[in-house]
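This report concerns only the one structure given below.
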Amino acid sequence: MADQLTPTTVFKCLADDNRVRIMLLIAREGELCVCELTCALNESQPKVSRHLAQLRTCGLLSDRRQGQWVYYRLHPNLPGWVHQVLTVVLDSNGHWLSPDAKRLEEMGDRPERAAACCPVR
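Note that the sequence shown covers residues 1 to 121 in full-length UniProt numbering.
Next comes the structure, spelled out in structure tokens:
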């Protein structure tokens, strides 16, 4: 589906504050797990998961499972123009994303972040 993205599809998929924030954080970080996004966005896990599912259905994100955790990244077949849009928006709006990025950074190194937010049960 990612190779069939049109501007209308992309902008409809991004027509939500949380979905835009998720996409920009993932574009910035490369890959994030649900619990990292929950912390960064300061939102509930079901709400974040619902938005992630929508972004995956649109073809903007792909996921991988590692144990019981699911990690999200930009879809590998994402057209170059979508990457360019995300880069321009990210570069031009760091101040807008900074509270989310700060919460994410305060989680520490990625392995520690994963241990802090995704403890093995």
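By construction, the Cβ of each residue, glycine as well, lies at the ideal position given by its N, Cα and C atoms.
Note that the structure is predicted; figures quoted are calculated from it, not measured.
Practice task
Report the residue from V20, T6, Q66, R28 whose alpha carbon sits nearest the alpha carbon of K102.
Solution key: Its Cα nearest to that of K102, the residue R28 stands out among V20, T6, Q66, R28.
Exercise for the section: For the UniProt domain "HTH arsR-type" (1 to 97), list the alpha helix (DSSP H) runs that are entirely contained and at least 4 residues long, ordered along the chain. Expected result: If we require 4 residues or more, the alpha helix (DSSP H) runs fully inside the UniProt domain "HTH arsR-type" (1 to 97) come out as 7 to 13, 17 to 29, 34 to 41, 45 to 58, 80 to 92.
Practice task
Less than 8 Å between the CB atoms is what I'm expecting for L78 and L90, so what's the real figure, rounded?
Solution key: Between L78 and L90, the beta carbon gap of about 14 Å keeps them out of contact (Cβ cut-off 8 Å).
Problem - Euclidean distance between Cα positions of T38 and L104 - result: Going by the C-alpha atoms only, they are around 9 Å apart.
Practice task
State yes or no: is the C-beta of S49 within less than 8 Å of the C-beta of V34?
Solution key: Going by C-beta atoms, S49 is nearer than 8 Å to V34.
Problem - Buried or exposed by the 16-neighbour rule on C-beta atoms within 10 Å, applied to H95 - result: With fewer than 16 other Cβ atoms inside 10 Å of its own Cβ, H95 counts as exposed.
Exercise for the section: Report the option in W81, Q54, L25 whose CA atom is closest to the CA atom of S98. Expected result: Scanning W81, Q54, L25 for the CA closest to the CA of S98 turns up L25.
Practice task
Rank L14, R19, G30 by C-alpha distance to the C-alpha of Y72 and give the top, closest one.
Solution key: The residue with the shortest Cα to Cα distance from Y72 is G30.
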